[in-house]
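Encoded as structure tokens, the structure appears first; notes follow it.
Number of protein chains: 2
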Amino acid sequence: MASITIENYLKQILLLSDELANERVPMGKLAERMQVVPGTATTMVKAMDRSGWLNYIPREGVSLTEEGNQLALKVLRKHRVVEMFLVEALKLDWSEIHQEAEALEHAISDKVLDRMDEYLGRPAYDPHGDPIPTRLGEIKARKLQALSECQKGQTVRIAQIKQQDARFLQFLDRTGLTPGSTIRVLDHDATADLHQLETVPDGRKMHLGGKAAESIWVSPKG
Amino acid sequence: MASITIENYLKQILLLSDELANERVPMGKLAERMQVVPGTATTMVKAMDRSGWLNYIPREGVSLTEEGNQLALKVLRKHRVVEMFLVEALKLDWSEIHQEAEALEHAISDKVLDRMDEYLGRPAYDPHGDPIPTRLGEIKARKLQALSECQKGQTVRIAQIKQQDARFLQFLDRTGLTPGSTIRVLDHDATADLHQLETVPDGRKMHLGGKAAESIWVSPKG
DNA sequence: AACATTATTTTGAATAGTCAAAGTTAATCG
DNA sequence: CGATTAACTTTGACTATTCAAAATAATGTT
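Here it is, written out as structure tokens:
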């Protein structure tokens with residue numbers, strides 16, 4: 001029914017409406033995210049409106065219909081379960097799984113998805129710390145904050161990495177800044193755009209630039 | 001570089017040239033196998049010739065170039081490794097894996113392929129008994145014969161099942177006629193189109209029709 | 001040779017997805 | 001309020017893949 005292209009549009013619309021904290025996604029953002037020229041997004045979105053995947057209001061943007069939302073969640077679920085499977089079962093590197101999952105999410109059947117999920121013990125989060133939608137299409141909302149927003153002295157647990165760049169992920173892996181690990185914020189120097197922190201419990205101290213600290217999302221510890 | 005469609009054409013050309021014991025595959029056979037009208041195959045094949053995947057001679061058919069052959073073998077390798085993985089790692093049923101692998105063979109990277117292969121212990125045959133091309137694109141040739149061609153009294157090992165129909169595969173599974181198992185041919189009644197055989201060593205006796213016996217390929221035992 | 005049959009190719013048209021570039025609309029600013 | 005700008009849509013064109021139906025070639029038959 002839905003082509004790979006349509007699945008990708010749906011997934012990105014879901015992610016964007018979440019990021020923008022707005023049900024309606026403007027065309028510009030969508031086109032940028034899909035890496036197509038704006039006219040392409042308009043054309044595509046009009047067709048998807050006709051097929052009932054979403055609601056398109058010219059010059060305002062799109063919002064997913066119930067069917068669109070369901071399918072978007074399923075694609076996202078496949079993506080994240082596959083990522084987890086690639087790391088856990090096939091021992092692929094954290095930093096390379098995103099690309100792989102991008103292709104596999106459209107190729108695995110519901111049955112294979114479920115077998116992978118079962119194999120993994122039905123995980124709630126993927127290796128980047130992103131929540132995996134359940135079989136019923138529910139997705140946990142957490143109250144997270146960017147590491148860059150943390151107060152001096154706060155102890156927090158790394159929850160989610162909002163970036164896919166392989167180099168950055170490899171760096172985090174090397175330094176132990178992976179989802180699940182705990183850190184303490186030692187200082188925040190706004191002038192130098194620097195964050196100082198240490199890992200807990202091993203107490204390794206390090207610095208991070210502002211942009212990096214914005215990509216690391218944490219939950220308050222305790 | 002090569003689209004999914006091109007990969008599928010290449011794979012089918014490889015399989016057909018093998019089945020027909022002829023390097024050159026006629027357009028009719030190709031179109032039939034690809035489930036397209038003949039004109040579509042002609043169009044496609046002309047484009048693939050231009051891209052260097054194959055050699056097309058009007059009214060004679062196609063033969064793969066070195067690049068075409070390489071890629072066809074890689075796709076076939078992915079297909080068969082994936083089938084094995086689905087059975088071994090994800091415990092899918094023998095009868096349902098072909099469809100799944102059909103999609104996955106175009107979605108997995110070389111790296112994932114190799115990890116699966118490693119996980120499986122670099123198997124030489126897939127669950128249907130089809131030989132898996134090696135990483136170097138080599139494929140073992142075996143001297144097999146159809147079960148329907150066997151002499152009365154012969155003891156043989158089932159090597160390969162030349163059919164993908166789920167019901168048939170489930171039947172074989174139930175009756176123990178899977179690749180690797182040994183059977184003895186008790187009788188062949190040409191008039192009634194019947195083959196009588198028994199499993200070895202447990203001695204279960206059974207009958208098979210001619211068509212079924214043609215789909216089961218065996219190697220002489222001993 | 002003349003005809004019929006079968007295999008294959010050609011032609012014309014359709015769909016999905018894309019880009020480049022021109023045209024609109026709406027918001028903003030002096 | 002009119003001019004500028006930013007965001008968006010429209011238009012025309014292109015590629016890949018497909019089908020239906022007409023045209024052609026090769027092959028076998030009388």
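Just so you know, the sequences run in chain order A and B. Here the working numbering is used: position 149 in the first sequence is 149, and no number is missing along the way. Here the working numbering is used: position 196 in the second sequence is 196, and no number is missing along the way. Ideal Cβ placement from N, Cα and C applies to all residues, glycine included. Treat the numbers as computed from the prediction; the structure is a model and nothing was measured.
Residue-level contact check: A:H106 touches chain B, since one or more beta carbons of chain B fall below 9 Å from its beta carbon.
The three-state reading of DSSP puts A:K91 in coil, since its state is none of H, G, I, E or B.
For the stretch 115-128 of chain B, residues whose beta-carbon sits nearer than 8 Å to a beta-carbon of chain A comprise R115, M116 and Y119. Below the 7 Å Cβ cutoff, chain A contributes no neighbours of B:K152, its closest Cβ being approximately 43 Å away. The alpha carbon of B:M44 has as its nearest neighbour, out of B:S3, B:L76 and B:E19, the alpha carbon of B:S3. Note that the stretch 97-106 of chain B does not touch the stretch 30-41 of chain B; fewer than 3 beta-carbon pairs, one per stretch, sit closer than 8 Å.
Excluding the 5 residues flanking it on each side, B:A141 has no same chain C-beta neighbour closer than 7 Å. Here B:D117 carries a helix assignment [DSSP, helix/strand/coil]. The Cβ atoms of B:L208 and B:L147 lie closer than 9 Å to each other.
Fewer than three beta-carbon pairs drawn from the stretch 117-128 of chain A and the stretch 183-194 of chain A are found closer than 8 Å, and the two stretches are therefore not classed as touching.
In the same chain as A:R80, and ignoring 5 residues on each side of it, the C-beta atoms closer than 7 Å to its own belong to D126, D130 and I132, in chain order. In the three-state reduction of the DSSP assignment, B:H98 falls in the helix class. At a cut-off of 9 Å between C-beta atoms, A:L86 counts as an interface residue with respect to chain B. Scanning A:T175, A:V156, A:E83 and A:N8 for the CA closest to the CA of A:W94 turns up A:E83. Contact between A:L30 and A:L16 holds, with the beta-carbon distance rounding to 7 Å and staying under 8 Å. Per the DSSP secondary-structure output, B:W217 pairs in a beta bridge with B:A146 and B:Q160.
Under the DSSP assignment, B:M44 falls in the alpha helix (DSSP H) whose first and last residues are P38 to R50. Per DSSP, the unbroken beta strand (DSSP E) holding A:T182 starts and ends at T182 to D189. Only A89, L90, K91, L92, E96, Q99, E100 and A103 from the stretch 89-103 of chain B bring a Cβ to less than 9 Å from some Cβ of chain A. When the alpha-carbon of B:T178 is set against those of B:G137, B:I158 and B:D187, the nearest one is in B:I158.
Non-local C-beta neighbours of B:I139 in its own chain, meaning closer than 6 Å and more than five positions away in sequence, comprise P131 and P133, ordered along the chain. When the alpha-carbon of A:D173 is set against those of A:T199, A:L186, A:E149 and A:A103, the nearest one is in A:T199. In this structure, the straight-line span from the alpha carbon of A:V112 to that of A:A190 is close to 48 Å. Secondary structure note for B:Q12: its alpha helix (DSSP H) is the uninterrupted segment I4 to E19.
Using a Cβ-Cβ cut-off of 9 Å, A:V112 is close to L86, L90, L92, E100 and L104 of chain B, given in chain order. Between B:S109 and chain A, the shortest Cβ-Cβ separation is below 9 Å.
Contact check for B:G68 and B:L10: beta-carbon distance about 5 Å, within the 8 Å limit, so the pair qualifies. Between the beta-carbon of B:R204 and that of B:G176 there is about 7 Å, and that keeps the pair under the 8 Å contact cut. Counting only residues of its own chain and dropping the five nearest sequence neighbours on each side, B:E88 has a CB closer than 7 Å to the CB of L120. Under the three-state reduction of DSSP output, B:Q196 falls in the strand class. Among the bridge pairs identified by DSSP, B:G209 is matched with B:L194.
When DSSP states are grouped into helix, strand and coil, A:L136 belongs to the coil group. Following the DSSP letters along the chain, one finds A:L177 in no alpha helix (DSSP H), marked with neither H nor E. Minimum Cα-Cα distance from B:Q35 among the listed residues B:Q145, B:N8 and B:D18 corresponds to B:N8. At a Cβ-Cβ threshold of 9 Å, A:H106 and A:C150 do not count as neighbours. For A:G28, the enclosing alpha helix (DSSP H) stretches over residues M27 to M34.
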